[in-house]
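First the structure, in the form of structure tokens, and then the observations on it.
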Amino acid sequence: MSHPAPYPVELADEITVQLGRLTDRLSQLPPPQAAQVIARFLNADNGVLGRFTQLMITGSYFAKDQAERGILPPEVWLALGRAANELHDIGLDLDEHRDALRSICTQPTATPAKPPAPAPLVVRRRR
1 MSHPAPYPVE
11 LADEITVQLG
21 RLTDRLSQLP
31 PPQAAQVIAR
41 FLNADNGVLG
51 RFTQLMITGS
61 YFAKDQAERG
71 ILPPEVWLAL
81 GRAANELHDI
91 GLDLDEHRDA
101 LRSICTQPTA
111 TPAKPPAPAP
121 LVVRRRR
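Quick note on our numbering: the sequence shown kicks off at 1 and runs consecutively.
Structure, rendered in structure tokens:
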């Protein structure tokens, strides 16, 4: 007889399912509502991206401990640490654009009389 999955594993599975549902619905939302969902998702303090970054940081600490004990290869710790650092940097880059997302959330849904000018889709990042 198999044992039921521990609660944290079930929680991870449920979060995965919920993210899939959100992804499916996002493309069907009107722009202001979609922008609001994305802005909440990207919130550095309590949004999904921020929480996921914290999860990777915690995972990196766990992997470091296990690598020091010889249970995990050091490459696992390094990979998780690198992922946590990259996610943190991505969060900082995206944080610069929260105001633009918020402005879409507050715009009226009526079609503008004059369409906005097209913007370049590639922008160089500052380092």
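Where a beta carbon is used, it is the ideal one built from N, C-alpha and C, also for glycine.
- The C-beta distance from Leu72 to Ala63 rounds to 6 Å, short enough to meet the 8 Å contact threshold.
- Burial check for Ser103: the Cβ neighbour count within 10 Å stays below 16, so the residue is exposed.
- Take the alpha-carbon of Leu101 and the one of Arg69: they are about 45 Å apart.
- Annotation: the region 3-59 contains the following complete segments of the alpha helix (DSSP H) (minimum length 4 residues), in chain order: 7-26, 31-42.
- The C-beta of Ile38 has 16 or more other C-beta atoms within 10 Å across all chains shown, which makes the residue buried.
- In this structure, the alpha-carbon of Ile57 lies about 5 Å from that of Ala84.
- Between Gly81 and Ser60, the beta carbon gap of about 4 Å places them in contact (Cβ cut-off 8 Å).
- The DSSP-derived three-state label of His97 is coil.
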